[in-house]
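K.L.:
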Amino acid sequence: MSGAVAAWGQTTLSINGATAPAVAWLFNEGLWRGMLAGVEVRTVIPHQSVLFSLPLEISATVDYFRPTASTVALADDYRGWIIRGALVWQAANPVGVYLRLGGGVSVGERYRREVAWDSASAYRWFPARSFVASWGMGIQGKITRHLGWNAEAEILTGDELGLLLPLRIGIHYRWGTE
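Following this line, the structure appears as structure tokens:
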């Protein structure tokens, strides 16, 4: 079914880069900071009638998070993969805002104490696997007919992930009918 949707609608392949800056007064006491690289595939949901004419897309994303290139690991740092899906609503085309709402799983490691309640216990990397919810808002535009750009602020949260605010930029290639 996904092959038929991709053949009928338009599909976009994106390469993204992002950062999650330490913002002590806003998220996670400033302990998490890092970089993200990812690949996303989005397909427009074709509309059959005027009753369903929302510009919706289905997206599948694979991202890799890594703490910034530093020899120091901080408490609650996360490194690893996030695999997720989302619905994306576009307000306008060729340049316009879009909203994203989705979920997935984190498959990585979190830097924390060996014994959570013991402040004398040593820190080390532990497996961090959990459900992840994400929502974001961004703007996208076109460079050429098939090449475009996007910029987004997205919140990711999960049990073993903490609360992250990636500031994401990307370039995408679109093929199919428009």
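For the sequence shown, position 20 (counting from the first letter as 1) is numbered 21 according to the numbering used here, and the numbering increases by one without interruption.
For each residue, glycine too, the CB sits at the ideal point set by N, CA and C.
All values derive from a computational prediction rather than experimental measurement.
1) Return helix, strand or coil for Leu-100, following the three-state DSSP convention.
2) Using only CA atoms, which one of Gly-137, Gly-39, Leu-164 lies nearest to Trp-90?
3) What whole-angstrom Cβ distance do Tyr-79 and Arg-111 have, given they're in contact under 8 Å?
4) Would Ile-170 be called buried (16 or more neighbouring beta carbons within 10 Å of its own) or exposed?
5) Is the segment 124-133 in contact with the segment 93-107, if contact means three or more CB pairs nearer than 8 Å?
6) Cα separation between Leu-88 and Arg-67?
7) Using DSSP with H/G/I as helix, E/B as strand and the rest coil, what is Ala-117?
8) Measuring only the C-alpha atoms, how far is Leu-162 from Ala-129?
9) Where in the segment 124-160 do unbroken runs of the beta strand (DSSP E), each at least 3 residues long, occur, reported from the N-terminal end onward?
10) If we ignore side chains and look at the alpha-carbon of each, how far apart do Val-116 and Leu-164 end up?
11) For Thr-145, which of Phe-127, Ala-154, Tyr-124, Arg-175 has the nearest alpha-carbon?
12) Excluding five sequence neighbours on each side, which residues of the same chain lie with their C-beta closer than 7 Å to the C-beta of Asn-29?
13) Hey, would you say Ile-46 sits closer than 9 Å to Gly-86, going by beta carbons?
14) Where does Ala-19 fall in DSSP's three states?
15) Relative to the C-alpha of Leu-100, which residue among Gln-11, Leu-14, Ala-154, Ser-15 is closest?
P.N.:
Taking the definition as stated:
1) Counting from 1 along the sequence shown, the entry for residue 100 is found at position 99. Three-state DSSP puts Leu-100 in a strand.
2) Along the sequence shown, read from residue 1 onward, the residue named residue 90 stands at position 89. It is Gly-137 whose Cα lies nearest to the Cα of Trp-90.
3) In the sequence shown, residue 79 corresponds to position 78, counting from 1. In the sequence shown, residue 111 corresponds to position 110, counting from 1. Right, their Cβ atoms sit about 5 Å apart.
4) Indexing the sequence shown from 1 puts residue 170 at position 169. Flag for Ile-170 reads exposed.
5) yes
6) Looking up residue 88 in the sequence shown gives position 87. Looking up residue 67 in the sequence shown gives position 66. So the alpha carbons of these two residues sit roughly 25 Å apart.
7) To locate residue 117, count along the sequence shown from 1; it is residue 116. Ala-117: coil per DSSP, three-state reduction.
8) Working through the sequence shown from its first residue, we reach residue 162 at position 161. Working through the sequence shown from its first residue, we reach residue 129 at position 128. Spanning the two alpha carbons is a distance of roughly 7 Å.
9) 124-143, 148-159
10) Start at 1 with the first residue of the sequence shown, and residue 116 comes out as number 115. Start at 1 with the first residue of the sequence shown, and residue 164 comes out as number 163. Their Cα atoms are separated by approximately 22 Å.
11) Taking the first residue of the sequence shown as position 1, residue 145 is located at position 144. Cα-wise, what sits closest to Thr-145 is Arg-175.
12) Taking the first residue of the sequence shown as position 1, residue 29 is located at position 28. In this prediction, Asn-29 has a pLDDT of 47, which is less than 50 and means its spatial position is unreliable; what the coordinates show is noted afterwards. Correct list, in chain order: Asp-77, Gly-163, Leu-164.
13) Walking along the sequence shown from the start, residue 46 turns up at place 45. Walking along the sequence shown from the start, residue 86 turns up at place 85. No, the Cβ-Cβ distance between Ile-46 and Gly-86 is not below 9 Å.
14) On the sequence shown, position 18 is the one that residue 19 refers to. Strand at Ala-19.
15) Taking the sequence shown and counting its residues from 1, the one referred to as residue 100 is at position 99. Among Gln-11, Leu-14, Ala-154, Ser-15, the Cα nearest to that of Leu-100 is on Ala-154.
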